[in-house]
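Colleague: Here you go, one structure.
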Amino acid sequence: MTEWQLLLWNERVAAALVTAIVGGGVVAAGWFWTHALSRRRDRILRQEQVNDIQRALLAEIRAHVAALEQQRSEDNTAASIALRQRLLAEQHVPILPHDANDRIFRAVVEQVHILPQNVIDPVVRYYRLIAVRVALAQDIRSSAKDHPNRAGDMLEDYLSLTDETRQAGNLAMLVLGASLTGGRAAVDALFKALARQDAETPDAATQQDEDMRIADASGSVSKTPSDRRSP
Numbered sequence: 001m002t003e004w005q006l007l008l009w010n011e012r013v014a015a016a017l018v019t020a021i022v023g024g025g026v027v028a029a030g031w032f033w034t035h036a037l038s039r040r041r042d043r044i045l046r047q048e049q050v051n052d053i054q055r056a057l058l059a060e061i062r063a064h065v066a067a068l069e070q071q072r073s074e075d076n077t078a079a080s081i082a083l084r085q086r087l088l089a090e091q092h093v094p095i096l097p098h099d100a101n102d103r104i105f106r107a108v109v110e111q112v113h114i115l116p117q118n119v120i121d122p123v124v125r126y127y128r129l130i131a132v133r134v135a136l137a138q139d140i141r142s143s144a145k146d147h148p149n150r151a152g153d154m155l156e157d158y159l160s161l162t163d164e165t166r167q168a169g170n171l172a173m174l175v176l177g178a179s180l181t182g183g184r185a186a187v188d189a190l191f192k193a194l195a196r197q198d199a200e201t202p203d204a205a206t207q208q209d210e211d212m213r214i215a216d217a218s219g220s221v222s223k224t225p226s227d228r229r230s231p
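Dropping the structure here:
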């Protein structure tokens, strides 16, 4: 045997080599295990943050939609005509909201990107509509005195936009509730169900029927335990 072979067959050298290999394996395994636990903890914390944001947005949207439901008129055309006549006759615009009801959204807007993709679009669309609604209300107030006809036209648009905002809010509530209770799979199932209902709805169906369908579904969401922190 050569000197290298004799050295490798030496018991002390062999024992040291085995110890080094085992020790290195333990250290490597510990590193991978620690990394896996850290990744798991980060995923849990991120999901908790996502759920917290969704709960907060759901609460804010629910409160505003409830207010819009109370303002809802059975006959939007008649309400629009009455408000327009009042505006033209008295050059006085009815009380319109100054607040966009989006404090929570503005507080978390920089974190919205961490929400599930199929949740972001309905939520952002709802808040965009209420921002447009508030801007339109400001234009109506500023034009009521000097340009009542123009303010009257905008008032009709405002009432129409209010209905659209309410519908968007109901949809956002449905999506947020589904995401909180069942995750992405539940949201995908919700959109598929809504798509099937839309396909089965005759073209002659009234908008009131559509509103009732969304309102009924959103009512069921409001009864879910989505406002409680998941264990």
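full-length UniProt numbering applies: residue 1 is where the sequence shown begins, and numbers increase by one.
Every residue gets a Cβ at the ideal spot worked out from N, C-alpha and C, and that includes glycine.
1) Give a yes or no on whether the C-beta atoms belonging to residue 176 and residue 49 are separated by under 8 Å.
2) Using a Cβ-Cβ cut-off of 8 Å (strictly less than) and excluding sequence neighbours within five positions of residue 41, which residues of its own chain qualify?
3) Just mark residue 24 as buried or exposed, buried being the case when its beta carbon has 16 or more other beta carbons within 10 Å.
4) Give a yes or no on whether 8 Å exceeds the smallest Cβ distance from residue 114 to chain B.
5) Under 8 Å by Cβ, that's how I've got residue 61 and residue 172 pegged, so tell me the actual separation to the nearest angstrom.
6) Could you check where the alpha helix (DSSP H) with residue 137 kicks off and where it finishes?
7) So, does the stretch 140-154 touch the stretch 176-185, judging by three or more C-beta pairs under 8 Å?
8) Among residues of its own chain, excluding the 5 on either side of residue 131, which ones have a beta-carbon nearer than 8 Å to its beta-carbon?
9) With respect to the alpha helix (DSSP H) encompassing residue 108, which residues constitute its N-terminal and C-terminal limits?
10) On a CA-only basis, which of 161, 108, 196, 193 is nearest residue 68? Give me that one, please.
11) Just tell me which of 30, 157, 66 has its CA closest to the CA of residue 258.
12) So residue 65 and residue 169 are in contact, right, with Cβ under 8 Å, and what is the actual spacing, rounded?
13) What would DSSP say about residue 233, mapped onto helix, strand or coil?
14) Quick check on DSSP: helix, strand or coil for residue 100?
Modeller: In short, the structure shows the following:
1) Along the sequence shown, read from residue 1 onward, the residue named residue 176 stands at position 176. Along the sequence shown, read from residue 1 onward, the residue named residue 49 stands at position 49. Their beta carbons are not under 8 Å apart, which means residue 176 does not touch residue 49 by this criterion.
2) For this step, residue 41 is matched to residue 41 along the sequence shown. Nothing listed; no residue qualifies.
3) Within the sequence shown, residue 24 is the residue found at index 24, counting from 1. Label assigned to residue 24: exposed.
4) The structure shown contains no chain B; it holds only a single protein chain.
5) Within the sequence shown, the letter at position 61 stands for residue 61. Within the sequence shown, the letter at position 172 stands for residue 172. With a Cβ gap of about 5 Å, residue 61 and residue 172 count as contacting.
6) Numbered from 1 along the sequence shown, position 137 holds the residue referred to as residue 137. Its alpha helix (DSSP H) spans residues 117-143.
7) no
8) Counting from one through the sequence shown, the residue named residue 131 turns up at place 131. Closer than 8 Å at Cβ, skipping near neighbours: 100, 102.
9) In the sequence shown, the residue the question calls residue 108 occupies position 108. Segment 103-108, the alpha helix (DSSP H) holding residue 108.
10) Position 68 of the sequence shown, counted from the start, is the residue given in the question as residue 68. Ranking the options by Cα distance to residue 68, first place goes to 161.
11) Because the chain is modelled from 1 through 231, residue 258 falls outside the range shown and cannot be assessed.
12) For the purposes of this step, residue 65 is taken as the residue at position 65 of the sequence shown. For the purposes of this step, residue 169 is taken as the residue at position 169 of the sequence shown. Indeed, because the Cβ distance is near 4 Å, the residues count as touching under 8 Å.
13) The requested residue 233 does not occur in the structure, where the chain is confined to residues 1 to 231.
14) Here residue 100 refers to the residue found at position 100 when the sequence shown is read from its first residue. Residue 100 falls in the coil class under three-state DSSP.
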